[in-house]
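Residue numbers (this note's numbering): 1 to 633. Right, one structure below, let's go through it.
In structure tokens form, the structure reads like this:
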């Protein structure tokens, strides 16, 4: 048995092991200034990077959880190793031969340690790889070839074959100096009725590697019809080195591209990962024998440096019912990413491997490029269950999907998707849907004392707008109401400029009930083109306004300056009115797009073409209004 590792060798290993490279195998690092690098801590969950590495000092420290030390301490902590094993692993990495005090120069390992299990798996992977070339593996090679994978592709991913016979791998590894207890603990071997036997027989194998590139397990695919085990896939059972919730197939190959591109593509199977990488999507990974879960997300977040909205997580699922169910499950965990989360579903229910076979590499890349936001996919999947051409169907669809949108933690995204939800459903009152989503996101009712003091009455957003007498004064600082406010000010202060352009504005452009009431009062007073101006026109509008709250806001708008440069009132009024019209037209465009999404161009070609023609015309009008609006604001 070897003694202690010589102190000079430990110092040499520490000196030659660049801490930024070792840490970089687990965490994406970026420049933090002053010779320091930072990333998301691998030892605790955090949203903003507080894990710092100083390459010049060879140390790391997390200001969030307090973990710190040198490169050896990092390997011990991240890989759950003892001190000797961590030094031995780093020595293998940098090519240092360790000398043990009281022993020779040969590198010796403690039996049953993680290092020994890694070595056993490496030897098993080499053995399986060699067996793939044997005559017995013809079926396995044909399986790969039929899916577009040649010998080079198989070698790239380390594909192998578990031969027939009960204990061929067991005897091979015992002959290489490994002990039976080690092989049992590593889950390469299991106890049979008459002694130890191999875990896999007559199956195509993929080695499963951890983020450092070490083989820690295998995935095995059934290829023979007479295989007594019916399960299509078998995976290594969990062991001290293999935790299926902590590994992703292909991550060792994809990690650098994930960090560089700030993108990861999550697929469902081993062949899908192969197809993606070979088609030019080198950021693809897959879970191994378990659903994609929280631990997988945390692993990817550290590679994406997921503290902003620049990263992308793209899930691909089959287009069948099972794939849709998997997508909805993925949405449940979507909020753990700050990155933008998408879904890509191949046509005709194909998976990425089948898509590559049928359509080629370009189709696989296009699949990723045509991704859809996951929240949009989840909501629209739910909407398919309802008749959106009827009011009852729209109301029921909103009751189902409003809570879904309310789950979005980012407030800006939540409001944006609330507006989109109104378009998809075909509900005209977008503000009401936004309001309802906000209320749902805010949780339950406020405490009783707070409710008695300040809580406003709860208004059902599915009802018509509340009457003016119960409406609160519009907030003059609300940017969503700015154009409405400026339009009313224009009609009251410079009616000779607003004139018929203002009078042509429909009620729908005024979303606040007080502003809508004032618009009605201006119309009832004869409109901006009636010939009155100044105090006489304001008085006529006041007489036409039935509610006190409306008259109060009226006098405010009559004296509040227009927000434009001096002598530029005409361009300002023109731009404001154009923008209001543009907002209305945009709503009409969205409604048509929503209807187009619900119509099949194959089953209803005439209606589809008619709506598409309306859409083109409205988009041209929308563009012209936009140019007019930009020219004056």
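Cβ coordinates follow ideal geometry from the N, Cα and C atoms, glycine included.
task = Return the chain-ordered list of same chain residues with a C-beta closer than 8 Å to the C-beta of residue 77, the five sequence neighbours on each side being excluded.
result = Mapped onto the chain shown, residue 77 falls at position 77. Only 43, 67 and 69 meet the Cβ criterion.
message = Could you pull the DSSP bridge partners for residue 221 from this structure?
response = Looking up residue 221 in the chain shown gives position 221. In DSSP, residue 221 forms a bridge with 204 and 233.
Span separating the alpha-carbon of residue 262 from that of residue 26 = Locating residue 262 in the chain shown gives position 262, counting from the first residue. Locating residue 26 in the chain shown gives position 26, counting from the first residue. Distance between the alpha carbons of residue 262 and residue 26 is about 15 Å.
query = For the candidate residues 546, 251, 508 and 226, whose alpha-carbon lies nearest to that of residue 525?
reply = As a first step, residue 525 must be located in the chain shown, where it is residue number 525. The shortest Cα separation from residue 525 among 546, 251, 508 and 226 belongs to 546.
key: Nearest candidate by alpha-carbon position, reference residue 485, set 516, 356 and 37   = Residue numbering aside, residue 485 sits at position 485 when the chain shown is read from its first letter. Among 516, 356 and 37, the Cα nearest to that of residue 485 is on 516.
request  = Would you grab the beta carbon distance between residue 154 and residue 138 for me? Rounded to a whole angstrom, and I think it's under 8 Å.
outcome  = Locating residue 154 in the chain shown gives position 154, counting from the first residue. Locating residue 138 in the chain shown gives position 138, counting from the first residue. Not really, about 13 Å apart at Cβ, beyond 8 Å.
task = Enumerate in chain order the residues of its own chain whose CB-to-CB distance from residue 590 is below 7 Å, with the five nearest sequence positions on each side excluded.
result = Numbered from 1 along the chain shown, position 590 holds the residue referred to as residue 590. Here the set comprises 423.
task = State the CB to CB distance for the pair residue 502 and residue 490, rounded to an integer number of angstroms; the pair is presumed to be in contact (CB under 8 Å).
result = Numbered from 1 along the chain shown, position 502 holds the residue referred to as residue 502. Numbered from 1 along the chain shown, position 490 holds the residue referred to as residue 490. Confirmed, Cβ separation roughly 7 Å.
query = Given that a residue counts as buried once 16 or more other Cβ atoms are within 10 Å of its Cβ, and exposed if not, what is residue 80?
reply = Counting from one through the chain shown, the residue named residue 80 turns up at place 80. Exposed.
Range of the contiguous beta strand (DSSP E) that encloses residue 36 = Working through the chain shown from its first residue, we reach residue 36 at position 36. Counting along the chain, the beta strand (DSSP E) containing residue 36 begins and ends at 36-39.
query = Ordered along the chain, which non-local residues of its own chain (more than five positions away) have a Cβ less than 7 Å from that of residue 96?
reply = Locating residue 96 in the chain shown gives position 96, where the first residue counts as 1. The residues are 9, 12, 13 and 16.
ask   = Buried or exposed: which applies to residue 387, given that a residue is buried once 16 or more other Cβ atoms fall within 10 Å of its Cβ?
value = One-based indexing of the chain shown puts residue 387 at position 387. Exposed: under 16 other Cβ atoms inside 10 Å.
task = Report the three-state DSSP secondary structure of residue 599 (helix, strand or coil).
result = Looking up residue 599 in the chain shown gives position 599. Residue 599: coil per DSSP, three-state reduction.
task = Please name the residue, chosen from 119, 65 and 227, that lies closest to residue 204 on a Cα-to-Cα basis.
result = On the chain shown, residue 204 is found 204 positions in, with the first residue counted as 1. Measuring from the Cα of residue 204, the nearest candidate turns out to be 227.
query = What are the boundary residues of the beta strand (DSSP E) that residue 284 is part of?
reply = Here residue 284 refers to the residue found at position 284 when the chain shown is read from its first residue. Here the beta strand (DSSP E) through residue 284 covers 284-287.
inquiry  = What would DSSP say about residue 355, mapped onto helix, strand or coil?
reply    = Counted from its first residue, the chain shown places residue 355 at position 355. Helix, per DSSP.
key: First and last residue of the uninterrupted beta strand (DSSP E) at residue 198   = The residue you call residue 198 lines up with position 198 of the chain shown. Note, residue 198: beta strand (DSSP E), 195-198.
Residue(s) in a DSSP beta bridge with residue 567 = As a first step, residue 567 is located in the chain shown; it is residue number 567 there, counting from the start. In DSSP, residue 567 forms no bridge with anything.
message = Tell me the residue span of the alpha helix (DSSP H) that contains residue 417.
response = Start at 1 with the first residue of the chain shown, and residue 417 comes out as number 417. Taken as a continuous stretch (DSSP letters only), the alpha helix (DSSP H) holding residue 417 covers 411-425.
Chain-order list of residues whose beta-carbon lies under 6 Å from that of residue 469 (same chain, five-residue window excluded) = Taking the chain shown and counting its residues from 1, one reaches residue 469 at position 469. Confidence in residue 469 is poor, its pLDDT being 41 and thus under 50, which makes the residue's placement too unreliable to answer from.
ask   = Taking the C-alpha atoms as reference points, what is the distance between residue 624 and residue 586?
value = Looking up residue 624 in the chain shown gives position 624. Looking up residue 586 in the chain shown gives position 586. Straight-line Cα distance between these residues: approximately 12 Å.
ask   = If residue 635 and residue 85 are in contact, beta carbons under 8 Å, what's the gap, nearest whole angstrom?
value = An answer regarding residue 635 cannot be provided, because it is not within the stretch 1 to 633 covered by the chain.
Counted within 10 angstroms of its Cβ, other Cβ atoms place residue 218 as buried (16 or more) or exposed = Along the chain shown, read from residue 1 onward, the residue named residue 218 stands at position 218. So residue 218 counts as buried.
message = Within the continuous alpha helix (DSSP H) that includes residue 361, where are the two ends?
response = The count along the chain shown starts at 1 and reaches residue 361 at position 361. Per DSSP, residue 361 belongs to the alpha helix (DSSP H) from 361-369.
inquiry  = Among 385, 433 and 393, whose alpha-carbon lies nearest the alpha-carbon of residue 405?
reply    = For this step, residue 405 is matched to residue 405 along the chain shown. Nearest C-alpha to residue 405: 433.
inquiry  = Using DSSP's beta-bridge definition, name the partner residues of residue 61.
reply    = Position 61 of the chain shown, counting from 1, holds the residue named residue 61. 52 and 68.
ask   = Counting only runs that start and end within the stretch 1-33, where is the beta strand (DSSP E) found for 3 or more residues in a row?
value = 30-33
request  = In angstroms with no decimal places, state the Cα-to-Cα distance between residue 425 and residue 436.
outcome  = The residue given as residue 425 occupies position 425 in the chain shown. The residue given as residue 436 occupies position 436 in the chain shown. Near 15 Å, if we compare the C-alpha coordinates of residue 436 and residue 425.
request  = To the nearest angstrom, report how far apart residue 294 and residue 45 are at their CA atoms.
outcome  = Taking the first residue of the chain shown as 1, we reach residue 294 at position 294. Taking the first residue of the chain shown as 1, we reach residue 45 at position 45. Answer to the nearest angstrom: the Cα atoms are 11 Å apart.
key: Own chain partners of residue 312 with C-beta closer than 7 Å, once the 5 adjacent residues on each side are dropped   = For the purposes of this step, residue 312 is identified with residue 312 of the chain shown, where counting begins at 1. Correct list, in chain order: 262, 263, 339, 340 and 342.
request  = Pick out the complete beta strand (DSSP E) segments inside the stretch 76-162, 3 residues or longer, and give them in chain order.
outcome  = 160-162
message = Here's the rule I'm using: 16 or more other beta-carbon atoms within 10 Å means buried, otherwise exposed. How should residue 247 be labelled?
response = Position 247 of the chain shown, counted from the first residue, corresponds to residue 247. With 16 or more Cβ atoms within 10 Å of its Cβ, residue 247 is classed as buried.
ask   = DSSP on residue 430, reduced to helix/strand/coil?
value = Within the chain shown, residue 430 is the residue found at index 430, counting from 1. Residue state, collapsed to three classes: helix.
query = Which term fits residue 231, buried or exposed, when burial requires 16 or more other beta carbons within 10 angstroms of its beta carbon?
reply = Working through the chain shown from its first residue, we reach residue 231 at position 231. Residue 231 is exposed by the Cβ-count criterion.
task = Drop a sphere of 10 angstroms on the beta-carbon of residue 371, count the other beta-carbons inside from all chains shown, and report buried for 16 or more, exposed for fewer.
result = By one-based count along the chain shown, residue 371 stands at place 371. Counting Cβ neighbours within 10 Å, residue 371 comes out buried, since at least 16 surround it.
ask   = Do residue 5 and residue 132 come within 9 Å of each other at the CB atom, strictly closer than that value?
value = Position 132 of the chain shown, counted from the start, is the residue given in the question as residue 132. Position 5 of the chain shown, counted from the start, is the residue given in the question as residue 5. The answer is no: Cβ separation not under 9 Å.
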